[in-house]
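Numbering (our numbering), first residue to last: 1 to 718.
Worksheet for the structure shown next.
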């Protein structure tokens with residue numbers, strides 16, 4: 001007790017896996033890392049358990065014993081893992097995963113046949129609809145199978161078509177059967193309870209001979225138990241005997257003594273029935289989680305339902321179960337002249353498209369909260385399907401669309417987001433969109449998204465290149481620059497411009513609408529004139545007083561030394577990043593001294609990141625003065641990656657830093673130093689001494705970078 005088992009699990013990794021895991025320095029729990037990797041390797045046939053004497057035991061089931069510890073799982077290629085997990089002999093493994101798995105990933109998928117897709121349906125139904133999976137991510141699918149892709153998307157959104165062996169109405173899945181039986185019983189009991197209450201009201205004035213007995217033994221006791229059960233979240237219980245008990249209206253009207261409901265023989269066992277139902281209701285959920293499941297599907301008719309061509313208009317594809325306000329909002333979005341999707345070629349309303357399926361007949365199950373699509377081309381048809389799913393996907397919290405070749409189809413996705421934003425119970429707060437080509441200027445797309453979905457907390461829009469074929473403008477749609485931006489909840493904004501200028505006409509409305517902004521990142525933007533950065537900083541100070549983190553990447557700041565110093569003086573900013581910004585390209589030694597003195601006086605700045613600015617040895621050594629005895633700086637983190645630093649310069653910086661800390665009585669707030677991609681391999685012995693001494697002062701993060709190879713690569717692409 002009290003001893004860490006981390007060394008044991010790491011040794012087990014080395015003995016069994018016989019490989020070094022990537023980023024091993026960042027692994028916080030070797031037990032979890034080992035068991036998850038062990039499960040995945042056994043599932044995909046990478047690891048042969050018979051090769052290790054400790055695992056080669058007929059009493060040991062690798063998948064069964066490791067499955068309760070698996071929180072994320074990746075399925076690849078032909079989905080062999082899905083077929084194995086859906087097999088009948090692995091039912092208990094699937095049950096364990098339903099309780100432990102949180103992240104499900106698909107990578108390098110290939111086209112699959114009907115039997116494989118059938119297994120995938122079983123897997124997704126159990127892990128998402130009746131399980132704990134909250135994130136679905138898909139990676140690297142250059143030529144996606146439309147049917148398979150839409151299958152994963154729709155089931156992730158909680159939709160499932162009826163009229164098949166796995167539908168809500170005819171499913172052999174015991175969880176679906178229990179849910180259906182419970183809902184039917186609840187509806188039947190509500191109806192019976194209503195009839196019982198109506199009879200009590202009609203006879204209440206005449207049945208005064210034994211009101212107390214009626215309340216104790218009859219429906220009154222039932223009502224009290226119902227109030228208790230409703231507090232437990234169980235469906236109301238009904239006294240069927242009460243609803244069936246005859247009432248002698250003739251004798252009442254004739255003035256004879258009324259017959260009490262509790263006098264009926266059929267009402268005598270009512271309390272025993274209620275107690276049995278109470279026990280069943282309390283134990284039902286626990287039973288559902290631990291019972292072994294039978295076969296899920298009838299192989300003859302399972303997949304007939306999957307995503308047949310729908311002969312419906314796009315307006316008919318919305319789920320009938322979604323809120324009325326959401327449907328009305330979608331109709332308004334589709335027809336409104338100001339809608340980005342109105343009449344656009346990328347989002348035409350037409351039926352009969354492959355991959356488009358009707359949501360009218362689908363039952364809604366539990367859905368995931370995070371959807372990520374990386375390097376998966378999305379056609380217009382797939383985007384329309386995604387838009388329909390998004391329009392009512394209220395549980396979705398994070399949406400990531402990365403390198404999907406959206407082009408003009410981005411407006412179709414925006415249409416779905418606009419409809420989703422009208423749902424009062426919508427949870428979407430993070431949207432990240434990145435691609436090679438931009439269909440429109442980056443800042444205009446930011447305006448479009450914010451005007452469509454002002455509830456966002458995080459928005460990231462990033463493009464590599466302008467779309468020359470489209471002229472960098474959207475055709476057939478009103479410009480997003482005209483879209484009115486309501487006051488948003490945005491806290492984090494990240495933009496990567498394909499060498500677009502940063503015009504104030506587009507920039508100011510975004511900043512003014514984002515009064516809660518705390519983090520801002522600008523990547524690869526160009527400044528049209530020397531005054532532009534100053535105007536931008538003034539707008540930031542005026543519109544976003546709560547800004548805590550500001551980042552510039554690949555923005556030429558060589559001629560903006562005054563503005564750089566103003567930023568370093570800001571009393572609110574806690575983290576500033578100048579990454580590959582050419583800070584010292586045309587500067588003098590006085591500029592570096594001004595930077596050091598400014599940072600020494602700023603007690604609010606916690607993190608300063610200067611990667612890729614050609615600091616070199618002499619500037620790095622000078623930066624150590626930030627931590628001198630007369631400094632009031634609270635700097636905790638310093639990033640000097642990719643700055644041409646050599647081992648002798650790093651050692652000199654270390655000695656100077658040690659001297660300053662000694663002068664301050666050993667007190668320092670400096671905790672993290674990042675040194676990635678510097679020239680430390682030129683003198684390994686000196687570098688090791690510098691790193692050893694630095695690690696006694698702070699946490700150092702570096703890598704074994706081959707500077708000679710990197711220089712050769714640089715020359716080769718010049």
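C-beta atoms are modelled at their ideal positions from N, C-alpha and C, and glycine is treated no differently.
message = So the candidates are 679, 663 and 190; which of them puts its Cα closest to the Cα of residue 650?
response = Cα-wise, what sits closest to residue 650 is 679.
request  = Could you tell me if residue 416 is buried or exposed, where buried requires 16 or more neighbouring beta carbons within 10 angstroms of its beta carbon?
outcome  = For residue 416, the number of other beta carbons within 10 angstroms of its own is at least 16, and it is reported as buried.
ask   = How is the alpha helix (DSSP H) around residue 591 delimited, first residue to last?
value = Looking at the DSSP string, the run of the alpha helix (DSSP H) that includes residue 591 is 589–601.
ask   = In whole angstroms, what is the alpha-carbon distance linking residue 703 and residue 682?
value = Rounded to whole angstroms, residue 703 and residue 682 show a C-alpha spacing of 14 Å.
query = alpha helix (DSSP H) containing residue 15: first to last residue?
reply = Annotation: the continuous alpha helix (DSSP H) that includes residue 15 extends over 6–16.
query = Which runs of the beta strand (DSSP E) spanning at least 3 residues fall entirely within the segment 367–416, listed in chain order?
reply = Listed in chain order, they are 370–374 and 398–402.
query = Are the Cβ atoms of residue 735 and residue 527 separated by less than 8 Å?
reply = Given that the chain is displayed from residue 1 to residue 718, the structure contains no residue 735 and the question cannot be resolved.
ask   = Who are the Cβ neighbours of residue 425 in its own chain at under 6 Å, not counting the five residues just before and after it?
value = The residues are 394.
request  = Pick helix, strand or coil for residue 92, following the three-state DSSP scheme.
outcome  = In the three-state DSSP reduction, residue 92 falls in the helix class (H, G or I).
inquiry  = Here's the rule I'm using: 16 or more other beta-carbon atoms within 10 Å means buried, otherwise exposed. How should residue 701 be labelled?
reply    = When all chains shown are included, residue 701 counts as exposed.
key: Identified DSSP bridge partners for residue 138   = Per DSSP, the beta bridge partners of residue 138 are 106 and 373.
key: Residue environment, residue 497, which counts as buried when at least 16 other CB atoms sit within 10 Å   = Per the 10 Å Cβ criterion, buried.
ask   = What does DSSP give as the partner residues of residue 463 in its beta bridges?
value = DSSP lists 435 as the bridge partner or partners of residue 463.
key: Length of the line joining the Cα atoms of residue 144 and residue 49   = If you draw a straight line from the Cα of residue 144 to the Cα of residue 49, it comes to about 34 Å.
query = Would residue 60 be called buried (16 or more neighbouring beta carbons within 10 Å of its own) or exposed?
reply = Result: exposed.
inquiry  = By the DSSP assignment, the beta strand (DSSP E) with residue 639 in it spans what residues?
reply    = Counting along the chain, the beta strand (DSSP E) containing residue 639 begins and ends at 637–639.
query = Looking at the structure shown, is residue 667 part of a helix, part of a strand, or coil, going by DSSP?
reply = Three-state DSSP puts residue 667 in coil, outside helix and strand.
key: Nearest residue (CA-CA) to residue 20, options 10, 381 and 176   = It is 10 whose Cα lies nearest to the Cα of residue 20.
request  = Would you kindly work out how many angstroms separate the C-alpha atoms of residue 117 and residue 34, rounded to a whole number?
outcome  = Here the C-alpha atom of residue 117 lies approximately 29 Å from the C-alpha atom of residue 34.
key: Nearest to residue 580 (by Cα), restricted to the options 529, 69 and 525   = For residue 580, the nearest C-alpha among the options comes from 525.
query = With distances taken between CB atoms, is the gap from residue 611 to residue 586 smaller than 8 Å?
reply = Contact: no.
query = DSSP on residue 698, reduced to helix/strand/coil?
reply = The DSSP-derived three-state label of residue 698 is coil.
request  = Hey, could you find the ends of the beta strand (DSSP E) residue 586 is sitting in?
outcome  = Going by DSSP, residue 586 is part of no beta strand (DSSP E) at all; its letter is neither H nor E.
inquiry  = For the structure I just gave you, are there three or more beta carbon pairs, one from the segment 365–380 and one from the segment 137–156, closer than 8 Å?
reply    = With the cut-off at 8 Å, the segment 365–380 and the segment 137–156 touch.
task = Report the rounded CA-to-CA distance for residue 78 versus residue 492, giving the unit in angstroms.
result = If I take the Cα positions, the gap works out to 38 Å.
ask   = For residue 159, which three-state DSSP category applies?
value = Strand, per DSSP.
request  = Leaving out five residues on either side along the sequence, give the residues of the same chain with a beta carbon under 7 Å from the beta carbon of residue 698.
outcome  = Same-chain partners within the cutoff: 670, 671, 672 and 673.
As assigned by DSSP and simplified to three states, the class of residue 575 = The three-state secondary structure of residue 575, taken from DSSP, is strand.
message = In this structure, how does DSSP classify residue 168 when only helix, strand and coil are distinguished?
response = Unreliable placement is indicated for residue 168, whose pLDDT of 36 sits below 50; the coordinate value is still reported in the next sentence. It is coil, neither helix nor strand.
inquiry  = So, at 6 Å on beta carbons, what are the nonlocal neighbours of residue 75 in its own chain, with the 5 sequence-adjacent residues on each side left out?
reply    = Around residue 75: 81, 82 and 106.
Cutoff 8 Å; reference residue 559; Cβ partners in own chain excluding five residues on either side = Apart from the 5 residues on each side of it in sequence, residue 559 sits with its Cβ closer than 8 Å to the Cβ of 530 and 586 in its chain, given in chain order.
message = Out of 461, 73, 96 and 597, which one is the CA nearest neighbour of residue 135?
response = Looking at the Cα atoms, 73 is the closest of the given residues.
query = Do you know offhand how far residue 160's Cα is from residue 149's?
reply = In this structure, the straight-line span from the alpha carbon of residue 160 to that of residue 149 is close to 14 Å.
request  = Compare the beta carbon distance of residue 430 and residue 398 with 8 Å and say whether it is the shorter of the two.
outcome  = Yes, Cβ-Cβ distance for residue 430 and residue 398 is below 8 Å.
task = Could you check the C-alpha separation between residue 432 and residue 462 for me, to the nearest Å?
result = Using only the alpha carbons, I get a separation of about 8 Å.
message = Going by C-alpha to C-alpha distance, which of 455, 452, 608 and 459 sits closest to residue 400?
response = Closest by alpha carbon: 459.
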